[in-house]
Amino acid sequence: MGSERVSGSGMAKNTHMRWRLPFVCLLWEVAMVVLFGVFVRFDPEADAHWKAEQQQQNVTSDIENDFYFRYPSFQDVHVMIFVGFGFLMTFLQRYGFGAVGFNFLFAAFGIQWALLMQGWFHSFENGKILIGVENLINADFCVGSVCIAFGAILGKTSPVQLLVLTLFQVTLFAVNEYILLNLLHVKDAGGSMTIHTFGAYFGLTVTRILYRPNLDQSKDKQGSVYHSDLFAMIGTLYLWMYWPSFNSAISNHGDAQHRAAINTYCSLASCVLTTVAFSSLLQKKGKLDMPFLESKLHIQDTCGIHNLHAMPGLIGGIVGAVTAAAATEEVYGKEGLISAFDFTGDYQDRMPSVQGGFQAAGICVSLAMAVAGGAIVGAILKLPFLGDPADENCFEDDVFWEVPEDSESSSLYHMHDPALKPVTP
Amino acid sequence: MGSERVSGSGMAKNTHMRWRLPFVCLLWEVAMVVLFGVFVRFDPEADAHWKAEQQQQNVTSDIENDFYFRYPSFQDVHVMIFVGFGFLMTFLQRYGFGAVGFNFLFAAFGIQWALLMQGWFHSFENGKILIGVENLINADFCVGSVCIAFGAILGKTSPVQLLVLTLFQVTLFAVNEYILLNLLHVKDAGGSMTIHTFGAYFGLTVTRILYRPNLDQSKDKQGSVYHSDLFAMIGTLYLWMYWPSFNSAISNHGDAQHRAAINTYCSLASCVLTTVAFSSLLQKKGKLDMPFLESKLHIQDTCGIHNLHAMPGLIGGIVGAVTAAAATEEVYGKEGLISAFDFTGDYQDRMPSVQGGFQAAGICVSLAMAVAGGAIVGAILKLPFLGDPADENCFEDDVFWEVPEDSESSSLYHMHDPALKPVTP
Amino acid sequence: MGSERVSGSGMAKNTHMRWRLPFVCLLWEVAMVVLFGVFVRFDPEADAHWKAEQQQQNVTSDIENDFYFRYPSFQDVHVMIFVGFGFLMTFLQRYGFGAVGFNFLFAAFGIQWALLMQGWFHSFENGKILIGVENLINADFCVGSVCIAFGAILGKTSPVQLLVLTLFQVTLFAVNEYILLNLLHVKDAGGSMTIHTFGAYFGLTVTRILYRPNLDQSKDKQGSVYHSDLFAMIGTLYLWMYWPSFNSAISNHGDAQHRAAINTYCSLASCVLTTVAFSSLLQKKGKLDMPFLESKLHIQDTCGIHNLHAMPGLIGGIVGAVTAAAATEEVYGKEGLISAFDFTGDYQDRMPSVQGGFQAAGICVSLAMAVAGGAIVGAILKLPFLGDPADENCFEDDVFWEVPEDSESSSLYHMHDPALKPVTP
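Chains as they are written, first to last, in our numbering: chain R, 1 to 425; chain E, 426 to 850; chain C, 851 to 1275.
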């Protein structure tokens, strides 16, 4: 089962992946290998010539290599992308393999393509992309926005569709990021605009385009079961705990990284209490729900990313614009202000108030790119040969995964099978 | 179900949380926001003025910011508090949400309150609390002692009771810590006294005060099931693996951090073999039990914290006192001895033998604070409006959590329901 | 049940561990304590005299202590050994406790014995083994090779057999490593030869020697169930995510660590796509399988380590030899080449091409040690008093672990019990 079925609307769906998935994976991986061979080289701090250069530049110790400033944060971010986002999405009762496994697949492809796309825009010298630990972090960030979009379409797409989506979303992400950071000279350390706002509205647009009118057929599979919620808590906690690393990973060395980590730690702690308060208020007996996220928009946003990323991303962007506009030398110090907003070179005369305006423009650009890009990519994903599952196969691992036989018979909704009815004593 | 029930003793219990829990959460979070606004500022190393100060103090590189000495250890400690302690307690078959979720809730509140309490005692300057990465670690440590106490009362309290307990325990922790570290000038790097001894005896006293004579009604729920034990192993392993970070996180820079990590690594490895040996010896066929902890005290210590924290904490404290008393310049070197015990300023003439006496006094103070404090807090927790569950609802997520419907029908003790009896062929 | 059974071949098996397991654990732990007391001391950078020495050597900052170069990577490696390998092996439906618990037990013993064995060979000065953070990483690496071998015999041995195996394998590992690194002056940063090739062929030889002709009796238990596969994904992801730390942990300070991390990050990302492609190609409907490993060799290699470690280890070794032989000053720079291959002292005149030859010799030595050692250790493990389980008890936690009663009745293959058959409506 799983290969050819008639959907609710009567249209035959071919979800047979045997030739399509290997073809896309191998084609793209070959492209990556060739492009890496042609374009990618080591950053000076990761290159075998660093010893010599270090002596020239009078750097006294190996410990000043950027690796030691950023590698611990990088690993935390890496865990967030693969374990955090992967397990966050395991709450669906029959979609654990898809959640963790597809996230693993598209993220692994996405970071390669992001290294190239971001490399061409940001670390391209003499025809070569020079990569160091900061590039790895940025690639993970970029893929984070795809993980966010994945939350909206979770359970409704084939792995081939996801790989196609990743190719386009990473490309658009890099363009949007270039416009914001380089052209508008916007500051977006935690990624409110480039990651959350862009990723969430992109995903919401795609899921709107892919709207399935008869999806309630598989409504029973959209719930969680006891252990699937515990797996989802692993993801939730890793995203929560490592967020200080996410926000400080590419901040400036020294006090800036330190400050970003402290701020994130404190804000996240306070969010837990607020979330619990509202989760309890919204349930009629005041019981808590897990995970604490729900969508009321009816645009088939599986994981509720509107509340989780879209709104917070917008709020973060707006607060950032206001804070920038209100920044004074009194609070930051002269040196501090310059280094916080990088008011150097072409931007040495930019005033905080003007910076606030550019930050606001950054939000608008991100929204526009996300909605327009999401609409186009959503349309592309409707191409029939990409193998999307029929409505009744959504939220079900069995279509694309070899599911252990035993577990099917113990599956919880099989337990409701009237054939296995309780015997009256 | 779950909102109003008659307990074994005939007293009606109201566990309806809809107004109480949001009220407490929001009240306390508002208080936190106000207090943080008034009191909390960045430590000089996390402040935007650091660049300027760095130049004055002739610090050559950003890498000498305390952030780089302690942040990796901080993140490990953070994982121990939220994933380690949270999942450690998931061994109960129907209390996984309560274990992970309540731990998440009170720890997130506790670290905010701890930043303030410990800040007033230890990093208060010109009317402001200055926070940096070391404060974050200390806040996590303080909350660690609440996690330990939680182990004793696991499954028997409402979230409101837990938030009240956290408020008081964090307060007492900070006072006790101040007496030990500042007044007695005691060394307690791994927290034997301030964290383990204090936390465990506090929790044991509270659970004694909350004693429920008819608790065996829910005895069947106090066991584990196969997968709940595997979730508990995630917690166990993270606590075990990251303990070297816990013990070295706030040691002095350099050799002291290095040494603390090595010592902890070696001791923990040897403990595994000893634990397995005794676990096997105590079972009649030599089978191993998981998790490896059990209580024989009959004071309703759910998670067996007497063996896990109380005894080891005491032993650690005593060994620390003896080692301090026996420390010599021969082993530590003159510089090493001064830096290990901080024999400077007012304490420059204190001898190792005298230090041993003060360490012993520290153990006594911790014990007294724990027992007296635990008795008072236990009495407060008996107030009827805090929403404690009836005896037959203990160790059961369903009272305070929205539990997925499907999973109830698959719940293991439902399987034993005589109505679903096997059909004779 | 579980203590005395008649196996398929009619031979009685005594798996009663009550005296044997505690005896071995305590005997070995006492030996460790004595040997550590006699031999182990702190490395100068972890010793309390470091402050003084630092001043002499004109080291300006505590941050230059090796601890800060390597501790974050060490913790990642530590997580790989205990959570990564432990959970990777939980895919068997009834062997989760054995997978995580036995891995925990033998790895905790192994790291102690490895600290001693590797210490005698590599950091022995004036009759003492001096240990610092690099020794901890090397001990974890050594134990990693035992974890690999464990994959081949998973489910078929008693804990006493595993402790005996660990004692011998760690010893042989240290000898092999000494021959390669010190006598042949081979470079093996990622451990292709010393860890993967040695560990895998050792394990494969042992499982060949322990061949059980009637093992298909427990074939039904060799499969996975839905949630066991998700637990295995935790292990898989942690091994995958932290591999950059594994490969860079003991590289030279500075650019070498940086480069090793980047290379590993990129290679691992590309492997995911290739693996998914082949996994899909090999299934008739193109569905994906989890975990992505399988053995076709029929030598009872439970976890498929031949594909996972043996072949990649060999390939890595060969590629290493070729790359070394082809290294030029053009690519590495003069300084870079010397520092990459440590062409100093006795080796200052060694040419890259000669180095390639020695690397190839290293592969052969590793293979020979693994096969010869594995054959001898396999024979030792056949000794009847080591408590190996009967064929029908293989892959079953119940023999050596106290398994929660409830879970047995819900166990999936019990569900197939014809006694609990569906009622025709």
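C-beta: ideal position from N, C-alpha, C; glycine also.
Compare the C-beta of residue i against all C-beta atoms of chain R and say whether one is closer than 8 Å.
i: Q537/E; result: yes
i: T632/E; result: no
i: D1241/C; result: no
i: P716/E; result: no
i: A1160/C; result: no
i: H503/E; result: yes
Is it buried or exposed, residue i, if we count other Cβ atoms within 10 angstroms and call 16 or more buried?
i: F385/R; result: exposed
i: I111/R; result: buried
i: A686/E; result: buried
i: G313/R; result: buried
i: C1316/C; result: Given that chain C is displayed from residue 851 to residue 1275, the structure contains no residue 1316/C and the question cannot be resolved.
i: L707/E; result: exposed
i: Q480/E; result: exposed
i: G10/R; result: Because G10/R sits at a pLDDT of 46, beneath the cut-off of 50, its placement in the model cannot be relied upon, and the point is left open.
i: D349/R; result: exposed
Taking Cβ positions, are residue i and residue j nearer each other than 8 Å?
i: K285/R; j: H441/E; result: yes
i: A99/R; j: V143/R; result: no
i: N103/R; j: G387/R; result: no
i: W900/C; j: G770/E; result: no
i: L713/E; j: S705/E; result: yes
i: F492/E; j: A674/E; result: no
i: H78/R; j: M1091/C; result: yes
i: T90/R; j: G235/R; result: yes
i: W878/C; j: L590/E; result: no
i: F190/R; j: N138/R; result: Before going on, a small fix: residue 190/R reads as Gly here, not Phe. Not a contact, by the Cβ cut-off of 8 Å.
i: L966/C; j: L1089/C; result: no
i: F467/E; j: L561/E; result: no
i: L871/C; j: V1010/C; result: yes
i: F341/R; j: K156/R; result: no
i: G378/R; j: I209/R; result: yes
i: S911/C; j: E470/E; result: no
Return no unless some Cβ of chain C is closer than 8 Å to the Cβ of residue i.
i: G711/E; result: yes
i: A702/E; result: yes
i: H547/E; result: no
Would you say residue i faces chain E, with C-beta separation under 8 Å as the test?
i: G427/R; result: The structure shown does not extend to residue 427/R, since chain R spans only 1 to 425, so no value can be given for it.
i: K901/C; result: yes
i: R259/R; result: yes
i: Q925/C; result: yes
i: F69/R; result: yes
Near-chain E residues of the stretch 868-881 of chain C (beta-carbon distance less than 9 Å), N- to C-terminal order: R868, W869, R870, L871, P872, F873, V874, C875, L876, W878, E879
Contact between the stretch 1037-1050 of chain C and the stretch 995-1003 of chain C (3+ Cβ pairs under 8 Å): yes
At least three beta-carbon pairs within less than 8 Å, the stretch 1077-1095 of chain C to the stretch 1015-1030 of chain C: no
Positions along the stretch 905-916 of chain C whose CB lies within less than 7 Å of some CB in chain R: I913, E914
Where the stretch 327-352 of chain R meets chain E: residues whose CB sits under 7 Å from a CB there: Y332, G333, E335, G336, S339, A340
Contact the stretch 1198-1214 of chain C vs the stretch 1237-1252 of chain C: 3+ CB pairs below 8 Å: no
Contacting positions in the stretch 937-957 of chain C - beta carbon closer than 8 Å to chain R: Q943
Contact between the stretch 1007-1025 of chain C and the stretch 1165-1172 of chain C (3+ Cβ pairs under 8 Å): no
Residues of the stretch 645-672 of chain E whose Cβ lies closer than 9 Å to any Cβ of chain R, in chain order: H652, S653, F656, I659
Chain-ordered residues of the stretch 368-389 of chain R with a beta carbon less than 8 Å from chain C: none
Cβ-based contacts, 9 Å cut-off: residues of the stretch 153-184 of chain R near chain E: none
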